[in-house]
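A.B. asks: I'd like to ask some things about the structure below.
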Amino acid sequence: MTSLLEQLDKSTKELKQGLKTEINSHLEDTGKIAYNELFYEYESKNTAINFTMLKSEELKTIIETPVANYKLSERLNDGVAERLKSNIKSELTRVFLLGYSYKQTAARLAELGYSSYRRALNITRTEAGRVQAIARQKSQMEAMKLGVEFEKEWISTLDNRTRSDHAKLDGQRVKPNEDFEVSGLKAKQPHMFGVAAEDCNCRCRTVSRLKNDKKALLRRDKKSEVGKYENYYDWAEKTGRLKRNTVTLQTLKALDCPELPKGIRFNETTRQFERLSAKTSKEVLKFLDSAQKSNERNGRNLPEVPRNFYNWLKKNISIFDEKIEKNLDFDYTESEVTLKAKRFNVAYNPIKKLKKPKSEKKIIAAVGGGDLTDGSCSSLAMAYIGNKHGYDVLDYRDGKSRLLFAYDSTIKQFGDFEGVNLKSALKSNEIQATFDLLSDCDESKEYYLAVYAHAAIVKNIKGKWYFLELQDEVDNGWFELTAESLKGRFGASSRRRKLREIMLYDVDELGSSPEFKTALGYLNTNTGNQVKGSGGYVK
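If you're matching positions, the sequence shown starts at 36 in our numbering and goes up one per residue.
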């Protein structure tokens with residue numbers, strides 16, 4: 036065992052160096068390309084221009100600029116290499132104590148390795164986008180100073196994974212020094228909103244459109260098919276992605292409509308009327324039908340765009356029925372947890388935003404209740420987090436869903452979500468280790484705590500830590516976290532022989548994670564299907 040751990044330490048050092056070399060090299064190359072592309076395009080169509088090259092020192096500063104207080108090197112070393120080493124050490128201790136076979140041990144270690152690979156890939160993808168965005172913005176500002184006349188245009192990826200906010204931005208043009216705006220947020224470039232839900236794993240970019248460049252752009256979709264330029268909404272409607280009525284101001288003007296129907300809202304950013312209800316959609320059809328007849332009486336033919344839209348709306352009015360599945364309030368983001376859920380054949384029930392925020396008391400009443408399952412503590416805590424962050428989430432599904440989120444391996448994989456940091460301990464005295472972890476926590480925040488046989492939300496109230504009970508038939512709420520409650524409720528021990536990792540997460544980090552929100556869909560349960568009620572009790 037000792038020689039194995041020594042080899043692990045050596046391999047970790049090699050991994051750190053390898054990650055640093057390969058990823059930094061990739062980021063430097065991609066940053067240079069992003070900076071130079073505008074000047075290359077200008078010189079290929081006009082004349083030579085004396086622009087300032089991006090210095091290597093500037094590029095290195097961009098790469099090592101902290102994001103959420105962590106440098107790239109720290110996230111790769113601590114977030115990937117050291118975490119992988121820690122996970123392997125913990126797993127080796129566990130498999131030796133439990134007497135796993137070589138095949139079982141290899142499978143567990145392979146899963147840890149793949150999880151770390153995915154995390155490194157996510158970090159690299161997000162960082163590459165950030166470096167490209169900053170370098171591209173620098174080049175655009177440099178070009179503007181040199182008198183180059185152009186606008187920057189937002190380009191989104193044409194597939195179903197594109198965030199709804201980014202779909203709205205697709206095709207939007209602004210001046211080099213101006214911001215793109217959507218949903219109350221502003222950014223000079225993709226990856227620059229400063230909000231994890233908008234920046235992580237973003238695949239958008241901008242292109243510079245020179246003043247006299249009238250050439251039509253081409254677009255490549257997810258199937259790598261190249262065709263004439265169309266914005267995201269054109270593509271979405273053509274491919275069936277768009278399941279809502281989208282009317283452009285140009286369409287209504289072309290139909291010679293004297294005024295807008297009552298209740299229709301126009302989005303100045305996207306220049307469209309969006310997310311119309313079934314009732315409003317029928318009003319739109321009625322209104323356009325009247326405009327159509329008016330044009331015909333005056334002997335005018337409708338232009339192609341409004342005519343096609345009018346015919347499309349008549350044909351598809353049924354899709355605006357209130358019973359159709361609404362678009363998700365967030366983007367489905369794959370992770371090791373969701374992949375595991377699919378392997379378990381756990382049904383996916385997407386969560387939706389609450390119409391208005393719930394008070395803590397109402398959240399506890401809605402989420403909690405007498406537990407009639409074999410123990411849903413972990414998934415109940417997750418449902419609480421979802422509600423705290425504005426989503427309608429219920430648990431008590433039981434079955435494979437409960438098992439999935441009860442596994443230590445699943446809980447540990449939350450730490451692989453972008454922007455989520457795991458604090459953990461593996462000690463014989465679980466009670467002392469738990470309080471040691473909490474002593475380093477922000478007392479104004481809530482945390483998800485998993486200790487031995489139980490998981491719960493914890494928070495500090497007037498200098499004392501409390502845990503949230505959600506599994507009682509009537510008496511749910513906050514109870515003081517003491518050595519006695521850790522021992523009695525969590526099953527913690529001061530002399531554990533077979534060690535089991537204690538895990539702690541910041542509730543705000545989890546609630547802001549796209550991967551976590553997606554995972555909630557695999558525990559979300561319709562009210563009538565909940566396994567809770569009279570006779571249920573804490574487990």
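We put the CB at the ideal spot given by N, CA and C, even for glycine.
Out of S60, T553 and D234, which has the shortest C-alpha to C-alpha gap to A418?
C.D. replies: Among S60, T553 and D234, the Cα nearest to that of A418 is on T553.
A.B. asks: Give me the Cα-Cα distance between D433 and G570, rounded to the nearest whole angstrom.
C.D. replies: D433 and G570: Cα-Cα distance of roughly 16 Å.
A.B. asks: Could you tell me whether the Cβ atoms of R171 and T65 are closer together than 8 Å?
C.D. replies: No, the Cβ-Cβ distance between R171 and T65 is not below 8 Å.
A.B. asks: Could you compute how far the alpha carbon of E481 sits from the alpha carbon of K173?
C.D. replies: Approximately 39 Å, taken between the alpha carbons.
A.B. asks: Among D541, E504 and L415, which one has its Cα closest to the Cα of E515?
C.D. replies: The residue with the shortest Cα to Cα distance from E515 is E504.
A.B. asks: Helix, strand or coil, according to DSSP, for E29 in the structure here?
C.D. replies: Because the chain spans 36 through 574 in this model, residue 29 falls outside it and cannot be assessed.
A.B. asks: Evaluate Y176 with the Cβ neighbour count: other Cβ atoms within 10 Å of its Cβ, from every protein chain shown; 16 or more gives buried, anything less gives exposed.
C.D. replies: Correcting the residue identity first, residue 176 is Met in this sequence and not Tyr. That one is exposed.
A.B. asks: Return yes when the Cβ of S218 is within less than 8 Å of the Cβ of D205, no when it is not.
C.D. replies: It is not a contact, given that the beta carbons lie outside the stated cut-off.
A.B. asks: Which one of N157, L220 and M227 has the shortest CA to CA distance from V166?
C.D. replies: Considering only alpha carbons, the answer is M227.
A.B. asks: So what's M227 in DSSP terms, helix, strand or just coil?
C.D. replies: If DSSP states are grouped into helix, strand and coil, M227 belongs with coil.
A.B. asks: Fully enclosed by the region 454-526, which alpha helix (DSSP H) runs are 4 residues long or longer?
C.D. replies: Taking only runs of at least 4 residues, the alpha helix (DSSP H) segments lying wholly in the region 454-526 are 465-474 and 518-523.
A.B. asks: Rounded to a whole number of angstroms, what is the C-alpha to C-alpha distance between Y557 and Q327?
C.D. replies: Going from the Cα of Y557 to the Cα of Q327 covers about 47 Å.
A.B. asks: Straight-line CA distance for E117 to A441?
C.D. replies: The alpha-carbon atoms of E117 and A441 are separated by roughly 25 Å.
A.B. asks: From the beta carbon of W189, is the nearest beta carbon of chain B less than 8 Å away?
C.D. replies: The structure shown contains no chain B; it holds only a single protein chain.
A.B. asks: May I ask you to report which of helix, strand or coil DSSP gives R238?
C.D. replies: In the structure shown, R238 sits in coil (DSSP, three-state: anything other than H, G, I, E or B).
A.B. asks: What separation, rounded to the nearest whole angstrom, lies between the Cα atoms of S243 and K223?
C.D. replies: The alpha-carbon atoms of S243 and K223 are separated by roughly 13 Å.
A.B. asks: For A163, name the three-state secondary structure that DSSP assigns.
C.D. replies: Residue state, collapsed to three classes: helix.
A.B. asks: Using the rule of at least 16 other Cβ atoms within 10 Å of the residue's Cβ for burial, across every protein chain shown, is N212 buried or exposed?
C.D. replies: N212 should be labelled exposed.
A.B. asks: Output the distance between the C-alpha atoms of K447 and L457, rounded to the nearest integer angstrom.
C.D. replies: Looking at the two C-alpha atoms, the distance is approximately 8 Å.
A.B. asks: Measuring only the C-alpha atoms, how far is C292 from I420?
C.D. replies: Caution applies to C292, whose pLDDT of 48 falls short of 50 and renders its modelled position unreliable; the model cannot decide the point.
A.B. asks: With distances taken Cα to Cα, identify the nearest neighbour of E508 among C235, G229 and A400.
C.D. replies: It is A400.
A.B. asks: Tell me whether R530 is buried or exposed, calling it buried when 16 or more other Cβ atoms sit within 10 Å of its Cβ.
C.D. replies: It counts as exposed.
A.B. asks: Could you compute how far the alpha carbon of S91 sits from the alpha carbon of A69?
C.D. replies: When rounded, the distance between both Cα atoms is 14 Å.
A.B. asks: Which same chain residues, not among the five before or five after G512, have their C-beta less than 8 Å away from its C-beta?
C.D. replies: Within the same chain, G512 has close Cβ partners I399, L503 and E504.
A.B. asks: Which stretch, first to last residue, makes up the beta strand (DSSP E) that contains K390?
C.D. replies: Counting along the chain, K390 falls outside any beta strand (DSSP E), and DSSP gives it neither H nor E.
A.B. asks: Hey, out of N333, T562, E72 and Y367, whose CA is closest to D194's CA?
C.D. replies: Checking every option, the nearest Cα to that of D194 belongs to Y367.
A.B. asks: Going by the DSSP bridge assignment, what does D537 pair with across the sheet?
C.D. replies: According to the sequence as given, residue 537 is Ile; it is not Asp. The partner list for I537 (beta bridge, DSSP) reads A460.
A.B. asks: With respect to the alpha helix (DSSP H) encompassing F215, which residues constitute its N-terminal and C-terminal limits?
C.D. replies: Where F215 is concerned, there is no enclosing alpha helix (DSSP H), although the beta strand (DSSP E) it sits in stretches over F215 to V217.
A.B. asks: Over the uninterrupted beta strand (DSSP E) stretch that includes L220, give me the two end residues.
C.D. replies: First-last of the beta strand (DSSP E) with L220: L220 to A222.
A.B. asks: Can K423 and V381 be called in contact, C-beta distance under 8 Å?
C.D. replies: Not a contact, by the Cβ cut-off of 8 Å.
A.B. asks: Give a yes or no on contact between the region 517-537 and the region 483-491, applying the rule of three or more CB pairs nearer than 8 Å.
C.D. replies: The region 517-537 vs the region 483-491: in contact.
A.B. asks: Following the continuous alpha helix (DSSP H) through F449, name the residue where it begins and the one where it ends.
C.D. replies: It is not in any alpha helix (DSSP H) - F449 carries neither H nor E in the DSSP assignment.
A.B. asks: Taking all protein chains shown into account, do 16 or more other C-beta atoms lie within 10 angstroms of the C-beta of I466, making it buried, or fewer, making it exposed?
C.D. replies: That one is buried.
A.B. asks: Helix or strand or just coil, what does DSSP make of Y70?
C.D. replies: Note: Y70 maps to helix in three-state DSSP.
A.B. asks: Measure the Cβ-Cβ separation of E544 and V428 and say whether it is below 8 Å.
C.D. replies: Going by C-beta atoms, E544 is not nearer than 8 Å to V428.
A.B. asks: Go ahead and pull the three-state DSSP assignment for R129.
C.D. replies: Reduced to three states, the DSSP call for R129 is helix.
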